[in-house]
Amino acid sequence: MKTFRLAIVENDEDERFFMSEALRASGEFQILGEFGNGDQLTEWLYASPKELPELILSDLNMPGKNGYDVIDELKTTHPDIAVFATSTSSVVSTREKCIRAGARDFIAKPDIFIVYDAFVAELYRLACRYLGT
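Those letters in the sequence shown? Residues 1 to 133, by the UniProt record's numbering.
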């Protein structure tokens with residue numbers, strides 16, 4: 001089983017906590033960083049961390065640099081890092097907009113934010129699909 005290096009960009013602290021707990025518990029992801037918005041992620045990336053993530057899971061609606069900004073910026077500054085967008089919206093047009101912008105894929109957040117098992121399984125399936133195992 002492959003373990004993917006991941007950074008999370010999510011402004012809601014409770015959501016980020018439950019998301020990261022589920023990702024860690026799966027054993028399929030190594031979380032290199034957790035950030036409240038795209039500005040914090042960018043600052044960290046430009047500080048040249050010892051290890052870069054293979055993928056970034058980014059919420060769309062955040063103060064400062066939002067998820068669309070993250071997608072747009074990383075496709076030029078770090079094109080080898082896959083960005084997966086996430087939001088509470090499950091509208092098909094949101095997914096399509098993210099993919100057109102350059103995200104590898106889009107995953108809707110669970111209706112109950114403390115239940116992330118299916119979300120984590122879907123992220124792992126997509127990571128394997130796009131990044132290989």
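By construction, the Cβ of each residue, glycine as well, lies at the ideal position given by its N, Cα and C atoms.
Quiz prompt | Every unbroken alpha helix (DSSP H) within the region 93-133, with a cutoff of 4 residues, ordered by chain | solution = 117-131
Self-check item: Bridge-paired residues (DSSP) for aspartate 69
Solution: Partner(s): none; aspartate 69 has no beta bridge.
Quiz item: Below 8 Å between beta carbons: does that hold for alanine 7 and phenylalanine 29?
Solution: In terms of Cβ geometry, alanine 7 and phenylalanine 29 do not form a close pair [threshold 8 Å].
Quiz item: Could you give the residue range of the beta strand (DSSP E) that holds glycine 33?
Solution: 29-35
Self-check item: Own chain, CB closer than 6 Å to serine 26, minus 5 neighbours either side, in chain order
Solution: Val120
Exercise. With a cut-off of 8 Å on the beta carbons, I'd call phenylalanine 84 and leucine 57 a contact; round off their distance for me.
Key: 5 Å
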